[in-house]
Amino acid sequence: MFLLLSKLLDLLLSPLTWALLFGVAGLLLRRWKRLSQLAALAVLYAFSIEPTVALLTRATEADAVSTYRPDTVYDAVILLGGGLDAAATERSGQPEYNAAPERMMRTFELLRDGRARQVLITAGNLDARPEAVVEADVLAAQLEHWGIAPERIVKEGRSRNTRENALQSEPLVREHGWKSLLLVTSAAHLPRAAGCFAAVGVRADTLAVDLRSSTLPPAKMSWLPRSGALNQSTDMLRELAGRLVYRVRGWTEPWR
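All residue numbers for the sequence shown refer to this note's numbering, where the first residue is -4 and numbers rise by one.
In structure tokens:
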């Protein structure tokens, strides 16, 4: 039920959905047609320009503090899923990544350079079909292809969200006796992810990747609408809402 509600919340938190609702309201309420059209255009424009994206992204990534210690060899690095395009991977038969492959790339570098002894990949799939791609399996195979020994890779492929990432990982951390851990995930996602792991008793150093904040002053940003900016605004709104929901449910706790 929570997964269904979370998907509904994702839909409702999209500025594109808001614009469509204003458009529908204009069709149903003819006397408010012009106002509804203007509201729809205003929403689309506001969330499709760089200054708005910059404000939302900075707010979302503000607490993404990396505590990674370069002089430490970690027992394990925890790699959270989210970088794989499962549908495209299923169609092509090859690993197909989305716009944020940095989690995977940085984890590989840590393993290759001897900064972590093992990796715990926690990544399932929302698709319940038996033949559906399990992200943990694909990422593990990719690491092996890049030269990481299979015995250094531990997989958890049942989790479907960040809360389940933490719940399913905790017994594996205990089973392997890992003490020093490094959590690798996107900067926007890091506060919620680290909070979820802390809530189940897994304390880890953190490494933020996929930083998307702009350092440009607003005067030098583009005020022309872009579809990519609309997508990023939507991502940030969903993450901020996700933190609120997780906090209310008691699924996160302070991690620093």
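The C-beta atom is built at its ideal place from N, Cα and C for all residues, glycine as well.
Less than 9 angstroms separating the beta-carbons of L121 and R98? In this structure, R98 does not lie closer than 9 angstroms to L121 by Cβ.
Reference F103; option with closest CA among L6, Q113 and A94: Among L6, Q113 and A94, the Cα nearest to that of F103 belongs to Q113.
So, are the CB atoms of P10 and L219 less than 9 angstroms apart? No, the pair does not count as a contact, with Cβ atoms beyond the cut-off.
D108 to A199, Cα distance in whole Å? Roughly 20 angstroms separates the two Cα atoms.
Whose C-beta lies closer than 7 angstroms to the C-beta of A35 among residues of the same chain, with five residues either side of it excluded? In chain order, A14, F17 and G18 place their CB closer than 7 angstroms to the CB of A35, counting only its own chain and leaving out the 5 sequence neighbours on each side.
Beta-ladder partner(s) of A54, from DSSP: Looking at the DSSP output, A54 shares a beta bridge with no other residue.
Pull up the distance between the alpha-carbon of L106 and that of A161, whole angstroms please. If I take the Cα positions, the gap works out to 21 angstroms.
From what residue to what residue does the alpha helix (DSSP H) around D66 run? Where D66 is concerned, there is no enclosing alpha helix (DSSP H), given that its DSSP letter is neither H nor E.
State the start and end residues of the unbroken alpha helix (DSSP H) segment that holds E151. Per DSSP, E151 belongs to no alpha helix (DSSP H); it is in the beta strand (DSSP E), I148 to E151.
Whole-Å CB distance - S184 paired with E234, under 8 angstroms assumed: Contrary to the premise, residue 184 reads as His rather than Ser in this sequence. E234 and H184 do touch by the CB rule: their CB atoms are close to 6 angstroms apart, below 8 angstroms.
The segment 52 to 70 touching the segment 207 to 222, judged by at least three CB pairs closer than 8 angstroms: Cβ pair count under 8 angstroms is three or more, so yes.
Is it a yes or a no for the segment 177 to 195 touching the segment 240 to 250, going by three-plus beta-carbon pairs under 8 angstroms? Contact between the segment 177 to 195 and the segment 240 to 250 is present: 3 or more CB-CB pairs across the two stretches fall below 8 angstroms.
Check whether the segment 129 to 139 touches the segment 82 to 101, taking contact to mean three or more Cβ pairs, one atom from each stretch, closer than 8 angstroms. Yes, the segment 129 to 139 is in contact with the segment 82 to 101.
Which residues mark the beginning and the end of the beta strand (DSSP E) in which T201 is found? D200 to V204 is the extent of the beta strand (DSSP E) around T201.
Length of the line joining the Cα atoms of R158 and I148: If I take the Cα positions, the gap works out to 22 angstroms.
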